[in-house]
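Line by line, the protein sequences are chains A and B.
Residue numbers for the first sequence, in the working numbering: -11 to 453.
Residue numbers for the second sequence, in the working numbering: 16 to 384.
Quick reminder that beta carbons are idealized off the backbone N, C-alpha and C, glycines included.
Keep in mind that this is a model prediction, so the values were computed, not measured.
Take a look at the structure set out below.
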Amino acid sequence: MTVFDAFATPAGTASPPGTQLIPGTTDGVPLRYPAVGPEWVGALCEDLREARPALADRDAVDLAAVLGRVGERFLDPSDPLRRESLELLPSTAGISPEMALAVLDGMAADWTGARLARLLEIELGEAASLDGFVRFEGRRAMARGPTLCVQVVAGSVPGVGVNALLRSLLVKGPTLLKPGRGDIVLPVLFARALGEADRALAAALAVVYWPGGSAELEDAALDRADVVTAYGSDATVHALRARSPVTARFVGYHHRVSVGVVGRDALNGAGVETTAAEVARSLALFDQRGCVSPQLVYVEEGGERSPGEFAEALAAALDALEGTLPTGPLDVAEAAALHQARGTAELTEAGGGRRILHGGSAAWTVLLESASATAVPSVGRIARVRPLAVLGSLPELLAPLSGHLQTVGVAGLGDRLEAVARGVGRMGASRVVPFTAVPFPPPWWHHDGGGPLVDLVRWVDLEAE
Amino acid sequence: MKARSFAALASELEDRFDAGVRAPWREADFNELAHAAFTLQFERIPAYRTLCERQGRTPKSVSRWHDVPAVPSAAMKALELCAGDAERPEAIFLTSGTTQGSDARGRHLVPRLDLYRRSLLPPFRAHVLAARSRIRFISLIPSPAEQPDSSLSFMVGAAADEHASAVHWLVDGGGRLDLDALRTITRRASHAREPVLLLGTALALLNALERLEDEPLARLAPGSRIMETGGFKGAGREVTRAELYERLADATGVPPVRIVSEYGMTELLSQLYEPVISEGPGAVGTHVPPPWLKVRALDPTTLDELAGGEEGILCFFDLANAGSVCHLLTEDVGSVLNGRVRLAGRAAGAQPRGCSLAMDELMSAAGSS
């Protein structure tokens, strides 16, 4: 049986003295991570930092082109890298093969040379600002990337780790990426492929998995970083923020919740089925584990079809998706949580409360809720559909989520869209998009409201005598 | 068919419970009482009745207790399930809260505390006291006066009323441990060669151990024992039970085979015990229910009953729950062999993916118009 190494370090750096299997990975492809101490992590960080001068002297545009050439391999059906990705993703990320395909295609579409060049341009005005001083708006300034960017990424959505490492490498920052348990394969494969494509650039990238909460290892990396990015639960991000050096810039992507809004215009005639299918797909992607995945769907009352009818259409659409984009296997704890949620909802429904539709052994569930519904665990694919009488009340309804609100998927709002976007934007949402665009934001999106590259650089001003 | 009154059923059950955990229970006896309890719950709890009717499983159609519709334990957060007088329950026990406070806590309405009292005593006697009739209680579980909404506090209080030569409540309602009193009381008992019973949740015991690191307690006298309950759910602690027991043994002199694990939950009025004192070290890792509590492991996907020893979701039928709902599907994972439970240790930090209790609460708070 083959074993997959959950790490990739630059040629010439010290190999880990030993490895250990990640518990629970023996059902699929066993993964092993380096059995190392803080000294090894520290030495690796020092090696990465030494790769920086060589990057500083290269054109940012050229670096983007190299990264794009590696990224494009993940889209090429004849490339073994893509085949290996698709083979490893299901068991390592806990998703179905169909989902692995959809996720890889969606993610890697943004890893091409053209998309990365456009990202540089949109974020930094011109990419040359990373190579030296450029003049804009009457001043001269240069962008300086990190000396070492340490990134701790969540494992809930595969591909996010590659997005993360592309950002810091694009701004010429040596990068140590610690992927989450479900997102190991793509960053490791990317790092290996980069090693084949460009040794100097690859010398600035290490991907190393270790079990979450290994504070000693994390501290060895954090102590040497001047930019730290952290993706994960509020608790994870909070802990990493507290342990990052004061001199480091900290970019935290904490827990996020996304919602959907379906307006009256999308509830007419046959349109309702189309909308329901789009909503279903937006929440089914990543098995609803993405920060962009809608958890609540507000459906406006007063349309040709009622919120209840929409819930039925959504249930039908989710059921159909189990054929084309099946949910990954649930572990026993997740299954237990799902039965609690469904059983409670069924009893509440019998008592005259919320309505529930679900897929039995398929993991989709639709809850039609009125106000003050009890909490439901997020497991499988759960759509909480809430009737919305007054569109304008949406920001107020979302107020409890404001610190965690991210994407708002929309349909059928017509010329009321901008007013809704203003309202929810002021309440904390950072992205208002059609449901079809929900799962895959473009590389230059304002990620949780910040600039993906801008947040990683420092500016140097130059005023001539 | 007309249901027996709750009072009549409860009296009958109390008599059966009084006969102790080793009294013979034929499957037919259990089934008959289970059917009576189901009939009562079906008639008295409207939401449950509707659910049963929708599933086509009513007292008329169901003859085996296995087929009675099970209610998820989380339902006690959403609904009041009381088959007695819901307006005047004798107690309302609350499940442990989440970070979001009391809104998220389940409520177990108990219409008749005596039924609870008489169900909890026999297994406690059999597995914790074993051959003794009285012993000094040193409780790290707050007293019922301090925590009137805790079913665990009620249980320890009821056991102490019957079997304590003296009882010391050393943890207050705010969870503060009186360490000096713990040292003094254990020292005195130890000098007098008097065995004691130390009771606590795993978390309380661990906290006490941490504060005892500089100076362990006096060696407890032979015959002393410890009852541990509750595990570390949600406490973010990374100590296995074996480690905890070893440290307890080091700190008190009570050998691990005299540390009894109690497994219970607010939603179930009966408890299971690891019968190490009554049966010896071969019982380590298993929990035995009293004869009026049946447990099954169910397939995580289909909820069909699993074969003996296979791991699944634990589902209980507890006759002591006659006043609320007997058939309860939990979130706990384990296997059942010959009627005994082996709980599955959850992998470290294994919260369901994407699951955040705090977020689930926030989403429920986000309104609807």
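CA nearest to the CA of residue i, picked from the options
{"i": "Arg151(B)", "options": "Asp193(B), Ala49(B) and Leu213(B)", "result": "Leu213(B)"}
{"i": "Gly339(A)", "options": "Leu167(B), Leu96(B), Val83(B) and Pro157(B)", "result": "Leu96(B)"}
{"i": "Asp(-7)(A)", "options": "Gln8(A), Thr224(A), Leu158(A) and Gly411(A)", "result": "Gln8(A)"}
{"i": "Gly538(A)", "options": "Pro427(A), Phe423(A), Ala425(A) and Gly397(A)", "result": "Absent from the structure is residue 538(A), since the part of chain A shown begins at -11 and ends at 453."}
{"i": "Asp187(B)", "options": "Phe45(B), Arg37(B), Gly215(B) and Leu352(B)", "result": "Gly215(B)"}
{"i": "Ala185(A)", "options": "Val364(A), Val58(A) and Ile172(A)", "result": "Val58(A)"}
{"i": "Ala101(B)", "options": "His302(B), Val340(B) and Ser379(B)", "result": "Val340(B)"}
{"i": "Leu193(A)", "options": "Leu32(A), Asp253(A) and Val373(A)", "result": "Leu32(A)"}
{"i": "Pro304(B)", "options": "Asp333(B), Asp193(B) and Arg41(B)", "result": "Asp333(B)"}
{"i": "Arg256(B)", "options": "Glu230(B), Ala236(B), Thr301(B) and Gly238(B)", "result": "Thr301(B)"}
{"i": "Val448(A)", "options": "Ala152(A), Asp119(A) and Val145(A)", "result": "Asp119(A)"}
{"i": "Val234(A)", "options": "Asp253(A), Pro175(A), Arg419(A) and Leu210(A)", "result": "Leu210(A)"}
{"i": "Gly200(A)", "options": "Leu165(A), Ala179(A), Ala(-1)(A) and Asp214(A)", "result": "Leu165(A)"}
{"i": "Asp265(B)", "options": "Tyr278(B), Gln286(B) and Ile241(B)", "result": "Ile241(B)"}
{"i": "Arg147(B)", "options": "Ala98(B), Leu94(B) and Pro210(B)", "result": "Pro210(B)"}
{"i": "Pro427(A)", "options": "Glu114(A), Arg37(A), Ala188(A) and Glu266(A)", "result": "Glu266(A)"}
{"i": "Phe540(A)", "options": "Trp99(A), Pro26(A) and Val29(A)", "result": "With chain A covering -11 to 453 only, the question about residue 540(A) has no answer from this structure."}
{"i": "Pro306(B)", "options": "Pro315(B), Asn353(B) and Leu235(B)", "result": "Asn353(B)"}
{"i": "Val250(A)", "options": "Pro375(A), Ala191(A) and Gly257(A)", "result": "Pro375(A)"}
{"i": "Val91(A)", "options": "Ala44(A), Glu111(A) and Arg70(A)", "result": "Arg70(A)"}
Residues that residue i contacts on chain A, provided the C-beta gap is smaller than 8 Å
{"i": "Glu326(B)", "result": "Val320"}
{"i": "Ser10(B)", "result": "The requested residue 10(B) does not occur in the structure, where chain B is confined to residues 16 to 384."}
{"i": "Leu24(B)", "result": "Result: empty, since nearest Cβ-Cβ is about 22 Å, beyond 8 Å."}
{"i": "Tyr278(B)", "result": "Those within 8 Å of Tyr278(B) in chain A number zero; the least Cβ separation is about 16 Å."}
{"i": "Leu48(B)", "result": "Here the premise fails: no neighbours, minimum Cβ distance about 23 Å."}
{"i": "Thr65(B)", "result": "Ala338 and Gly339"}
Partners in chain A for residue i, counting only beta-carbon separations shorter than 7 Å
{"i": "Arg122(B)", "result": "Here the premise fails: no neighbours, minimum Cβ distance about 12 Å."}
{"i": "Glu346(B)", "result": "Ala324, Ala325 and Gln328"}
{"i": "Leu130(B)", "result": "In chain order: nothing, as chain A lies at least about 23 Å away."}
{"i": "Arg69(B)", "result": "Ala338"}
For residue i: DSSP bridge partner residues
{"i": "Ala8(B)", "result": "A query on residue 8(B) cannot be resolved here, the shown segment of chain B reaching from 16 to 384 and no further."}
{"i": "Asp449(A)", "result": "Ala129(A)"}
{"i": "Lys166(A)", "result": "Val140(A)"}
{"i": "Glu277(B)", "result": "Thr244(B) and Tyr288(B)"}
{"i": "Phe332(B)", "result": "Lys309(B) and His342(B)"}
{"i": "Val186(B)", "result": "Leu192(B)"}
{"i": "Tyr241(A)", "result": "Tyr219(A)"}
{"i": "Gln56(B)", "result": "Answer is none; Gln56(B) lacks a bridge partner."}
{"i": "Gly124(A)", "result": "Strictly speaking, residue 124(A) in this sequence is Phe, with Gly absent from that position. Answer by DSSP bridge pairing, in chain order: Arg127(A)."}
{"i": "Thr7(A)", "result": "Pro22(A)"}
Contact set between residue i and chain B, taken where Cβ atoms lie within less than 8 Å
{"i": "Ser3(A)", "result": "Ordered by position in chain B, no residue passes the 8 Å Cβ test against Ser3(A), which lies about 27 Å from the chain."}
{"i": "Gly331(A)", "result": "Ala85, Val86, Pro87, Ala89, Ala90 and Leu344"}
Contacts of residue i in chain B (Cβ-Cβ under 7 Å)
{"i": "Thr395(A)", "result": "Chain B residues near Thr395(A): none, gap ~14 Å exceeds 7 Å."}
Contact list for residue i against chain A, beta-carbon separation under 9 Å
{"i": "Ala62(B)", "result": "Leu335, Thr336, Glu337, Ala338, Gly339, Gly340 and Gly341"}
- Task: Taking a Cβ distance cut-off of 7 Å, strictly less, list which residues of the region 71 to 83 of chain B are near chain A, in chain order.
- Result: none
- Message: Give me the subset of the region 83 to 95 of chain B whose CB atoms are less than 8 Å from a CB atom of chain A, sorted by chain position.
- Response: Ala85, Val86, Pro87, Ser88, Ala89, Ala90, Lys92, Ala93 and Leu94
- Message: Check whether the region 29 to 40 of chain B and the region 136 to 149 of chain B touch, using three or more Cβ-Cβ pairs below 8 Å as the test.
- Response: yes
- For the region 194 to 209 of chain B against the region 164 to 176 of chain B, are there 3 or more C-beta pairs whose distance is under 8 Å? no
- Message: Counting beta carbon pairs with one atom in the region 262 to 269 of chain B and one in the region 71 to 79 of chain B, are three or more of them shorter than 8 Å?
- Response: no
- Query: Touch check for the region 242 to 250 of chain A and the region 152 to 172 of chain A: three-plus C-beta pairs under 8 Å?
  - Reply: no
- Message: Using a Cβ distance threshold of 8 Å, determine whether the region 288 to 302 of chain A contacts the region 433 to 449 of chain A, with at least three qualifying pairs required.
- Response: Remark: fewer than three beta-carbon pairs, one from each stretch, lie closer than 8 Å, so the region 288 to 302 of chain A and the region 433 to 449 of chain A are not flagged as touching.
- Query: Does the region 326 to 345 of chain A come close enough to the region 41 to 53 of chain B to have 3 or more Cβ pairs within less than 8 Å?
  - Reply: With the cut-off at 8 Å, the region 326 to 345 of chain A and the region 41 to 53 of chain B do not touch.
- Item | Against chain A: residues of the region 250 to 271 of chain B by CB proximity under 7 Å | none
- Residues within the region 307 to 319 of chain B neighbouring chain A, beta-carbon criterion of under 8 Å: Pro315, Thr316, Thr317 and Leu318
- Do the region 291 to 304 of chain A and the region 343 to 356 of chain A make contact, defined as three or more Cβ pairs closer than 8 Å? yes
- Task: Evaluate the contact criterion for the region 139 to 146 of chain A versus the region 44 to 62 of chain A: three or more CB pairs, one atom per stretch, below 8 Å.
- Result: no
- Message: Three or more C-beta pairs under 8 Å: does that hold for the region 387 to 406 of chain A against the region 266 to 280 of chain A?
- Response: yes
- Do the region 56 to 73 of chain A and the region 91 to 104 of chain A make contact, defined as three or more Cβ pairs closer than 8 Å? Contact between the region 56 to 73 of chain A and the region 91 to 104 of chain A is present: three or more C-beta pairs spanning the two stretches fall below 8 Å.
- Please determine if the region 72 to 92 of chain A and the region 212 to 228 of chain A are in contact, where contact requires at least 3 C-beta pairs separated by less than 8 Å. no
- Three-pair Cβ contact test at 8 Å for the region 56 to 67 of chain B versus the region 151 to 168 of chain B: no
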